[in-house]
Amino acid sequence: MKKPLISVAAVLLGAALGTPYYLGVKAEESLTQQQKILQKTGFLTVESHQYDRGWFTSTETTVIRLKPELLNNARKYLPDNLKTVLEQPVTLVNHITHGPFAGGFGTQAHIETEFKYTPETEKVLERFFGKQAPVSLANTVYFNGSGKMEVSVPAFDYEELSGIRLHWEGLTGKTVYQKGFKSYRNGYDAPLFKIKLADKGDAAFEKVHFDSETSDGINPLALGSSNLTLEKFSLEWKEGVDYNVKLNELVNLVTDLQIGAFINPNGSIAPSKIEVGKLAFSTKTGESGSFINSEGQFRFDTLVYGDEKYGPLDIHIAAEHLDASALTVLKRKFAQISAKKMTEEQIRNDLIAAVKGEASGLFTHDPVLNIKTFRFTLPQGRIDVGGKNHV
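All the letters of the sequence shown, read from the start, carry residue numbers 8 to 398 under my numbering.
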């Protein structure tokens, strides 16, 4: 009887010792897959990568950099401090614990990420965060390859002799993903951000919340929904403010569909004060065969401008029966433009050429613009519009 017992014990011991190593191998596969997906976004380049696998713990070291081309068209709008941070590489050191109890029952691996910066970047970040880590990231990977990433950015108070003050109460949130990031959910909160620009004015954002759901479809376009809410936004300025709003870029940013009209209002706002209460912006994108249906809703309860009060506002507009192949062309074109140094006129001409050429199907396959709701209360009265139009 002793030999069978010894054999069983040996098998159990081997399994107990071998399981963490096997899970370490699977964890490496999962992290490698996540890294490839990250690179496909087109925002980052991986300058070096090293994986040192141990029995119960492993270390992955990756040096990444934001693609320099992405800053070409935005560099002139960025503060010097932010340019320094964005232009420098960042080293991600993933401290990985693998085993059935690394992060709770059913866990393949638990990863704590340590961010290491260049001396130039550290100097900038230390001005805001002091000795705090600017970003904390923890990633838990489950047996089936799904997982969750938890992110936090600490609070800080920053002040310059010039009178500029920043008060930031931090950011927290998480991303829950399925294997291979075929679908994922985001949820992030930032309680308060106050800006004082010496004697020029003040601005504040209160209770910002963002959540979204994204999934893959049969077309190479992101599907799902997103919601951005802001409890209160206030802005007070002592001088006139010039503005140039790129509505087409805003639509591209929030929908990933590049269907924004080329309407870019600009002008100047006289010295005054604005307060917006309970602002909300949501989007929804789905597909039906080779066509895409997208809609967006923009709302706020109140807008106080000087002595006048506006609101509520409710705009709900849908773009339906959009040719997916044409949208894919435009998505690819936006990626190409972001990698080049171009003037605004060149960008506009490139996009118009694409719309007239490869992406012309956007206008020749019976697209529909549906104004579901347009309600706005002004001091002088109320606007209420609706309708559907085949383009």
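In this text, a Cβ means the ideal position worked out from N, Cα and C, and glycines have one as well.
{"Asked": "Spatial distance of residue 117 from residue 63 (CA atoms)", "Found": "11 Å"}
{"Asked": "Residue interval of the beta strand (DSSP E) (run including residue 159)", "Found": "154-160"}
{"Asked": "The beta strand (DSSP E) enclosing residue 181, as first and last residue numbers", "Found": "178-184"}
{"Asked": "Beta bridge counterpart(s) of residue 410 as assigned by DSSP", "Found": "Residue 410 lies beyond the residue range present for the chain, which begins at 8 and ends at 398; the question has no answer from this structure."}
{"Asked": "The region 279-289 in contact with the region 300-308 per 3-pair CB rule at 8 Å", "Found": "yes"}
{"Asked": "Between the CA atoms of residue 358 and residue 193 - distance to the nearest angstrom", "Found": "30 Å"}
{"Asked": "Contact under 8 Å by Cβ, residue 324 with residue 378", "Found": "yes"}
{"Asked": "Backbone CA spacing between residue 353 and residue 361 [nearest angstrom]", "Found": "12 Å"}
{"Asked": "Extent of the continuous alpha helix (DSSP H) run through residue 129", "Found": "126-136"}
{"Asked": "Rounded distance between the beta-carbons of residue 233 and residue 219, thought under 8 Å", "Found": "4 Å"}
{"Asked": "Endpoints, the alpha helix (DSSP H) within which residue 353 is located", "Found": "351-363"}
{"Asked": "Beta-carbon gap between residue 102 and residue 121 smaller than 8 Å", "Found": "yes"}
{"Asked": "Assigned secondary structure, residue 139 (DSSP; H/G/I helix, E/B strand, else coil)", "Found": "coil"}
{"Asked": "Proximity of residue 181 and residue 206 at Cβ, strictly below 8 Å", "Found": "no"}
{"Asked": "Sequence-distant residues of the same chain with beta carbon closer than 6 Å to residue 280, five excluded per side", "Found": "243"}
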